[in-house]
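So the sequence lines, in the order shown, correspond to chains A and B.
All letters in the first sequence, in the order written, are residues 153 to 408 by our numbering.
All letters in the second sequence, in the order written, are residues -3 to 287 by our numbering.
Each residue gets a CB set at the ideal place from its N, CA and C atoms; glycine is no exception.
Reviewing the structure listed below.
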Amino acid sequence: MSSVKQSAIWNLETRHLLLPKLGHEASECEDFIAFDTQTGRFAVTDGATEAFDARNWARRLAQHWVENESALTPEEFREWVAAEGRELHESWSGLSLSWYSEEKARTGSFAALAGIELNLESDSALWKAIALGDTCFLHYRDGNLLKSLPVSRSESFNSAPVLVASDASMHEASMGSVVIDSGSCNDGDILLLLSDAMACWFLERSERNDLDPNCLFKTKGDEELKQFFNDERLAGRMRNDDLAMLRIEIAQRRVG
Amino acid sequence: MYSAQITRANPTCIVLLIDQSGSMADPFSGDSSRKKSDFVAEVVNHTLHDLVIRCTKTEEVRNYYHVAVIGYGRHVGTCFSAELGARQMVPIAQVADYPLQVKSSYKRVSDGAGGWVEIPVRYPVWIHPASDGKTPMCEALTRVKEILERWLLDHPKGFPPTVLHLTDGESSDGDPNEIGQQIMSLGTDDGSVLLFNCHISTRRAAKAEYPIDERALPDGFARSLFQMSSRLPANFLSAAAQLGVNVMEGSRGFVFNGDPSSIVQFYEIGTSLTGMTPYRWMDDDRRSELA
C-alpha cells in the first residue's frame, strides 16, 4: 500500500508491507505499522512473541507514538513509556486468568520500537529517530546505506534484545539502551522502518552490496512484493518471522 | 542441523527421565536436611513451569513442545498422574491445564529503585518425589526409545527430541550404553535425538561437567554415560555460556558427580533448545547457596 504527501518543498511517498509468519494468520501478527504523513511521524513495533499481551502492547506503542507530539528525548520517552505501560496493565485488571497467564502477566509485556519524525518545512528535510530493541531505522542514499540504528550489522541480531517493557520495574534496565539520532535527507533518499527479520535481511544485502532498495520497490507491486518475501522466507534466506516494512521516499518538488 | 524453528506445526519433544530408586531418598552430601528426590522433583516442576510459560501466548498455551516425564525405580513409567497419567507424551497445553495442585507463595524481586518487594507467585506441582526400588536404567531407556520411535513416526521433521536423564547411581539391569546409542541414532531431518545425562552424587567427589573426553572420568560407569551423551549443539553451548558454565566445542551433555547446582543448570541448559535465553527460575542468592 502507498500514499503521497507534499509540503511546499518536499514530496513524501510512503509504502508499507505487513506479513505474519508463514503458516500464521494475519490476526496473529505482532508487528505493527503506524504513520501520519501530516505530522510526519512514523513507527514500526514488534511485540515479543513470548510476552503477555504483546500484540496489544506493540499496537499501542506504534499508534500512540505516532499520535504523540514528543517522546524524542530520553526523558520524554521514559515518561511516555511509563504512562503507556500503566494503561496497559490497568486494562488487565479484573481479568480472570489461568495460573500461567497470571505468571506471564506478572512480568508485563515487551516490544521493540523504532519511530521517526520528519520535518519537511525547511530547505533541508530533517529526520529525528528513536529506537529500542531490534526494530530498525535505515537511511539509504543513491542505493547506499548511510545509517542503520539501533542495530548496524546483520550479525548483531540476537534472540534477546533489550525491549520496551510495560512494567515500570524494568525501565531502569532498558532505558540505557535507547538510541536517539537525527539527520537530513537529500532528494531521492529512502528511509525504512523495519522489524528485525526484515532489517537483518536488508543489512545482510547491503553489507554485500547486493541490494538496491529503489529497484526492489519500483519493480514490484504489493502482491509481487509479498510473494517475494514469502519466497525469501521459504528458501531460508530470511528468518520466518512477522515482517513489517515502512518505506518513505523523499523527493524535492519540481517547480514549473 | 539443530536449527529448525519450533512451531505448532513442527513441535519438538522433551523427555525428562528421572531415577526414582531407593537411594534417591538419601540426602546430598553436606545437606542432611534435604533428600535428593525432593530436590529433583522441585527442579522438574520448575522446568515444566518454565516450558509452559515459554509457550504461553497471553491466554493460550501453544503446543510447541510435547513432554514426557518418565521415572524408574520400583516401576518404570510416567510420573504424571490424574488427567495426565493416561499418556506417556503430553502436549504442553495439557500439561499447563492439569497440574496436581497450584501452590501460592511470595518471591522477593527488585523494585527497580534499589529496594526489594515481595510479589505473589504460583508454583504448580505435577510430580511428587519418589524413591523406591533398584535402578532399572536399561528398562527405562528402552521405554524412552519406544516412546520416541512412536513420536517420530508422526513428527519426522523439525527440531529433534531432547532426553534429559538424571540418575544417582549405577544401572541395576546392565550397561545402558547400547540402548543409549540406539536412542541417539534416532532423529528427524534436523538432527539426531539429543541424549544428555546428569549423574548426581551423595559423596563429596570431584565433579565433571560437560567434558570433551573421557580422560578425567573415574570409572567404567562414568565412561559409559559419557559415551551415550550427545555433543552439545551450538545453541546449547551458547545457553551454557550465558549461565557461566565452562563449555567448549565438543562438550558433551554430561555431568558426573553433580551437586544441586549442577542439576539446576543441567535442566536450564537442556531445555534451552533453539538458542533461547535460559530461564533462571532460581534466585541468585539461593543459587549461590547450592554452589
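Thinking C-beta only, is residue j closer than 9 Å to residue i?
| i | j | result |
| --- | --- | --- |
| A/R212 | A/E180 | no |
| B/P7 | B/G187 | no |
| B/A64 | B/I115 | no |
| A/V316 | A/A264 | yes |
| A/G373 | A/M322 | no |
| A/S253 | B/T54 | yes |
| B/I175 | B/V40 | no |
| B/T267 | B/T158 | yes |
| B/A218 | B/L228 | no |
| A/C288 | A/A200 | no |
| A/I268 | A/K280 | yes |
| B/I259 | B/F35 | yes |
| A/R167 | A/L345 | no |
| B/D22 | B/T198 | yes |
| A/I402 | A/L343 | yes |
| A/H291 | A/D348 | no |
Does residue i come within less than 9 Å of chain A when only Cβ atoms are used?
| i | result |
| --- | --- |
| B/V117 | yes |
| B/A141 | Strictly speaking, residue 141 of chain B in this sequence is Lys, with Ala absent from that position. For B/K141, the answer is no, since every Cβ of chain A falls outside 9 Å of its Cβ. |
| B/R104 | no |
| B/D150 | no |
| B/A237 | no |
| B/E55 | yes |
| B/A287 | Only weak support exists for where B/A287 lies, its pLDDT of 47 falling under 50; the value from the coordinates is given anyway. No, because no Cβ of chain A sits closer than 9 Å to the Cβ of B/A287. |
| B/T273 | Here the model assigns B/T273 a pLDDT of 48, short of 50, so the residue's position is not dependable, and the following value carries that caveat. True, the Cβ-Cβ gap to chain A drops below 9 Å. |
| B/Q1 | yes |
| B/A230 | no |
| B/P120 | yes |
| B/A204 | no |
| B/A126 | no |
| B/A201 | no |
| B/A5 | yes |
What are the start and end residues of the alpha helix (DSSP H) that includes residue i?
| i | result |
| --- | --- |
| A/K256 | W251 to R258 |
| B/G176 | N173 to S181 |
| A/K378 | D374 to L386 |
| A/L240 | P226 to W244 |
| A/L196 | Going by the sequence as given, residue 196 of chain A is Val instead of Leu. Looking at the DSSP string, A/V196 is not in any alpha helix (DSSP H); the run it does join, the beta strand (DSSP E), is R193 to G199. |
| B/K32 | K32 to C51 |
| B/V63 | Premise fails: B/V63 lies in the beta strand (DSSP E), Y61 to Y68, not in any alpha helix (DSSP H). |
| A/E219 | A206 to E219 |
| A/N366 | P365 to K370 |
| A/F354 | D348 to E359 |
Starting from residue i, trace the beta strand (DSSP E) both ways and give me its first and last residue.
| i | result |
| --- | --- |
| A/R399 | L395 to Q404 |
| B/A230 | It is not in any beta strand (DSSP E) - B/A230 instead sits in the alpha helix (DSSP H) that spans A230 to Q238. |
| B/C9 | T8 to D15 |
| A/V331 | V331 to C337 |
| B/G73 | V72 to T74 |
| B/E210 | Note, B/E210: premise wrong, no beta strand (DSSP E); not H, not E. |
| B/F192 | L190 to I196 |
| A/D188 | D183 to D188 |
| A/S300 | N296 to L301 |
| A/K173 | Note, A/K173: premise wrong, no beta strand (DSSP E); not H, not E. |
| A/Y292 | C288 to R293 |
Any beta carbon from chain B within less than 9 Å of residue i's own beta carbon?
| i | result |
| --- | --- |
| A/K256 | yes |
| A/S329 | no |
| A/W251 | yes |
Taking CB distances under 9 Å as the criterion, tell me whether residue i reaches chain C.
| i | result |
| --- | --- |
| B/A212 | Given the protein chain composition of this structure (A and B), no chain C is represented. |
Go through the region 86 to 138 of chain B residue by residue and report every complete run of the beta strand (DSSP E) that reaches 3 residues or more, in order.
Runs of the beta strand (DSSP E) inside the region 86 to 138 of chain B: 97 to 106 and 112 to 121.
Within 7 Å of chain B by C-beta, residues of the region 174 to 206 of chain A in sequence order
Within the region 174 to 206 of chain A, the residues whose Cβ lies closer than 7 Å to some Cβ of chain B are G175, E202, F204 and D205, listed in chain order.
Contained beta strand (DSSP E) runs [length at least 3] in the region 240 to 264 of chain B, N- to C-terminal order:
Listed in chain order, they are 250 to 254.
Kindly provide the ranges of any beta strand (DSSP E) runs that are 3 or more residues long and lie completely inside the region 303 to 329 of chain A, ordered along the chain.
Segments of the beta strand (DSSP E) lying fully in the region 303 to 329 of chain A: there are none.
Please list the residues of the region 377 to 397 of chain A that have a C-beta atom closer than 7 Å to any C-beta atom in chain B, keeping them in chain order.
Within the region 377 to 397 of chain A, the residues whose Cβ lies closer than 7 Å to some Cβ of chain B are N392, listed in chain order.
Please identify, using Cβ separations under 7 Å, the residues of the region 38 to 68 of chain B that lie next to chain A, in order along the chain.
Under the 7 Å Cβ criterion, the region 38 to 68 of chain B contributes V48, I49, R50, T52, T54, E55 and V57.
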